[in-house]
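Worksheet for the structure shown next.
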Amino acid sequence: MGNKVPVPDKLSVRHSKKQQRYAGAYAAAVTDDDYANVKHPSRPPHAYDLKEADVSSYEWRGPSSDSSQGRYPKKELTRCEGEVPSFARHSDSNSWKTSMSNRHSTSTLFGAKVSVDDFEPIATIGKGSFAKVLQVRKKNTGEIFAMKILLKSTIIARNQVEHTRAERSILQHIKHPYVVSLKYAFQTEDKLYLVMDFCGGGELFYHLKKEGRFSEERVRLYAAEILLALEHLHSLNIIYRDLKPENILLDAEGHIRLADFGLSKILNDPEAQASTFCGTPEYLAPEILNGSGHGIPVDWWSLGTLICEMLTGLPPFYSQNLNSMYEKILKAELKLTTDPNILSTDARNLIQALLQRDPHKRLGSGAKGADEIKEHPFFRCIDFEKLYRREISAPWKPQMLSDDYIGNFDDTFTGEKADFDMSEMEAKLKNKKGMKDMFPQEKNRNYFDGFTYIEQR
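Read in order, the letters of the sequence shown correspond to residues 1 to 457 in UniProt numbering.
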């Protein structure tokens with residue numbers, strides 16, 4: 001009998017382009033099958049759209065034969081992703097409200113200084129079963145933003161109030177050139193609204209799927225910018241925990257913006273350890289899989305995985321079989337191509353240093369932290385001070401025909417009508433098997449006091 005493999009509480013697999021979502025970065029929106037396996041409101045539900053046996057009962061049966069099709073067969077991408085909203089569970093509501101309030105925000109439910117009436121919907125750029133993302137224009141300034149709209153009733157039913165409040169708080173407090181910025185947050189009786197930077201280049205995932213892999217010059221810049229963003233998070237004792245192409249946006253100039261902090265965790269100190277089993281299977285560090293406790297080094301493992309995927313087209317331990325992939329991450333020898341046209345010696349050495357199974361030996365985990373990675377020969381031509389000031393031009397820029405251009409987004413979404421209405425979505429959710437009784441009856445209870453935020457200009 002095999003050993004049981006732990007599985008993230010929330011797991012989904014994309015089987016086709018139609019099921020992919022731009023909302024991976026902006027909204028953490030999910031597919032319409034999210035609630036098919038809901039049993040208890042205390043356990044955050046998610047899709048088990050694997051077209052296989054229930055993942056929660058998988059047994060690790062040892063090595064299995066892998067498909068030779070690779071991760072991008074016929075340009076169709078399959079990805080497993082597991083998400084558990086555990087961030088900031090230690091924070092009480094009073095400390096949360098204190099951190100959320102300043103002279104530019106209000107804690108009253110309907111006293112916001114900005115509302116949905118201040119925006120004009122332009123296009124739908126992401127949609128899931130309980131959230132959608134619109135490209136919007138602010139009426140009085142003409143500025144273009146991305147607006148994430150969430151149903152309160154669904155957040156409460158899915159036991160994600162703390163998750164949502166925490167993500168809103170972390171977005172407010174992180175100000176960095178390579179992290180998406182929160183501009184406004186407000187609410188109505190039944191919805192939450194987050195207004196963020198619109199990144200017209202779309203997801204890195206979109207371009208990687210389209211192109212297969214990137215040049216080393218391009219990967220070097222992306223990796224350096226991600227490194228700066230992660231370094232900033234770590235300086236605030238925040239583990240990101242969900243680095244992947246879907247959560248990286250490209251702005252109009254071709255620079256990256258880190259987004260989606262749904263799995264982020266605030267540590268009490270830099271040496272503290274988290275224990276929640278969460279993340280995206282291809283990017284899970286060994287210490288998350290074996291449950292030994294994890295900290296900041298998990299982000300460096302994910303960075304190594306991402307660099308490998310951007311350069312070669314596949315994560316280093318990828319398998320179409322979830323259990324096989326877990327086993328490879330824990331035990332398999334790291335095999336990287338020796339083709340210099342794909343991986344240079346410096347790139348291969350960097351990936352190997354970041355994918356050390358022992359987190360204490362992993363590059364970036366020493367006393368110098370992120371500086372260890374910056375000093376690696378792979379980055380010898382990067383001036384990180386200039387990069388922080390955005391004084392280095394990106395080697396590739398996305399096509400942008402206008403400031404509201406949406407050609408870098410999945411046309412599955414952009415072809416839909418853009419409006420603020422969520423009634424059809426809510427009705428569909430309430431009709432889902434097992435969901436009707438989970439929706440809160442106390443319509444006027446204020447779970448999100450202090451949610452409102454207006455960025456200081």
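Where a beta carbon is used, it is the ideal one built from N, C-alpha and C, also for glycine. Fair warning: this is a prediction, and the values are worked out from it, not measured in the lab.
Straight-line Cα distance separating residue j from residue i
i: Pro177; j: Leu171; result: 13 Å
i: Ile296; j: Asn290; result: 16 Å
i: Asn237; j: Leu314; result: 30 Å
i: Leu306; j: Glu203; result: 14 Å
i: Ala394; j: Pro340; result: 23 Å
i: Phe448; j: Lys152; result: 9 Å
i: Thr280; j: Asp242; result: 7 Å
i: His294; j: Asp403; result: 41 Å
i: Arg430; j: Thr154; result: According to the sequence displayed, residue 430 carries Lys and not Arg. So the alpha carbons of these two residues sit roughly 9 Å apart.
i: Lys417; j: Ile288; result: 41 Å
i: Phe317; j: Met310; result: 14 Å
i: Glu189; j: Leu267; result: 33 Å
i: Ile342; j: Trp396; result: 18 Å
i: Glu143; j: Asp383; result: 32 Å
i: Val179; j: Leu230; result: 9 Å
i: residue 458; j: Pro245; result: The chain is shown only over 1 to 457; residue 458 falls outside these bounds and no answer can be derived.
i: Tyr240; j: Ser292; result: 18 Å
i: Val116; j: Asn408; result: 25 Å
i: Asp411; j: Gln273; result: 41 Å
i: Ile406; j: Phe277; result: 35 Å
i: Pro377; j: Asp346; result: 6 Å
i: Ala131; j: Phe119; result: 18 Å
i: Tyr326; j: Ala332; result: 10 Å
i: Ser344; j: Lys175; result: 34 Å
i: Leu109; j: Lys191; result: Confidence at Leu109 is low in this model, with a pLDDT of 45, below 50, so its placement is unreliable and no value can be given for it.
i: Tyr453; j: Ser319; result: 43 Å
i: Glu271; j: Gly369; result: 12 Å
Whether residue i touches residue j by CB criterion (8 Å)
i: Ile125; j: Ala157; result: no
i: Lys148; j: Val133; result: yes
i: Leu185; j: Phe451; result: As written in the sequence, residue 185 is Ala, which differs from the Leu given in the question. Against a cut-off of 8 Å, the Cβ pair of Phe451 and Ala185 comes out as a contact.
i: Arg168; j: Leu150; result: no
i: Lys127; j: Phe420; result: no
i: Pro398; j: Gly254; result: yes
i: Ile226; j: Leu258; result: yes
i: Lys183; j: Glu455; result: yes
i: Leu330; j: Ile351; result: no
i: Leu387; j: Leu233; result: no
Residue range of the alpha helix (DSSP H) that includes residue i
i: Phe413; result: 411-414
i: Lys191; result: Run containing Lys191: none in the alpha helix (DSSP H); it sits in the beta strand (DSSP E), 191-197.
i: Leu306; result: 297-312
i: Leu267; result: Counting along the chain, Leu267 falls outside any alpha helix (DSSP H), and DSSP gives it neither H nor E.
i: Glu372; result: 370-374
i: Lys175; result: Lys175 -> no alpha helix (DSSP H), and no H or E assigned at all.
i: Ile351; result: 345-354
i: Ala394; result: Ala394 -> no alpha helix (DSSP H), and no H or E assigned at all.
i: Val219; result: 216-235
i: Leu330; result: 322-331
i: Tyr283; result: Neither: Tyr283 is in no alpha helix (DSSP H) and is coded neither H nor E.
i: Lys428; result: 423-430
i: Asn361; result: Strictly speaking, residue 361 in this sequence is Lys, with Asn absent from that position. No alpha helix (DSSP H) holds Lys361; DSSP gives it neither H nor E.
i: Phe205; result: 204-211
Chain B contact for residue i (CB, 8 Å cutoff)
i: Ser344; result: Reference to chain B is not applicable here, since this structure consists of a single protein chain.
Enclosing beta strand (DSSP E) for residue i [first to last residue]
i: Cys125; result: According to the sequence shown, residue 125 is Ile rather than Cys. Where Ile125 is concerned, the enclosing beta strand (DSSP E) stretches over 119-127.
i: Met147; result: 144-151
i: Lys138; result: 131-138
i: Lys183; result: 182-187
i: Ile248; result: 248-250
i: Leu258; result: 256-258
Per-residue burial, residue i [other beta carbons within 10 Å of its own, 16 or more giving buried]
i: Tyr371; result: In the sequence as presented, Tyr is not what sits at residue 371; that position holds Asp. By the 10 Å Cβ count, Asp371 comes out exposed.
i: Ala285; result: buried
i: Lys328; result: buried
i: Glu282; result: buried
i: Thr164; result: buried
i: Arg389; result: exposed
i: Lys139; result: exposed
i: Glu52; result: The predicted model places Glu52 with a pLDDT of 24, which falls under 50 and marks its position as unreliable, so this point remains unresolved.
i: His173; result: exposed
i: Arg348; result: buried
i: Lys210; result: exposed
i: Ser235; result: exposed
i: Cys308; result: buried
i: Lys374; result: buried
beta-carbon residue i near the ligand ZN non-hydrogen atom, thresh 7 Å
i: Ile288; result: The ligand ZN is not among the ligands present in this structure, which contains no ligands whatsoever.
(message) Pairs of beta-carbons, one from the stretch 216-232 and one from the stretch 409-427, closer than 8 Å: are there three or more?
(response) Segments in contact, no.
(message) Pairs of beta-carbons, one from the stretch 189-202 and one from the stretch 243-256, closer than 8 Å: are there three or more?
(response) Yes, they touch.
(request) Could you tell me whether the stretch 206-220 touches the stretch 359-373, where touching means 3 or more Cβ pairs closer than 8 Å? (result) Flag = no, the stretch 206-220 and the stretch 359-373 do not touch.
(message) Count Cβ pairs between the stretch 346-365 and the stretch 297-304 that sit closer than 8 Å; are there 3 or more?
(response) With the cut-off at 8 Å, the stretch 346-365 and the stretch 297-304 touch.
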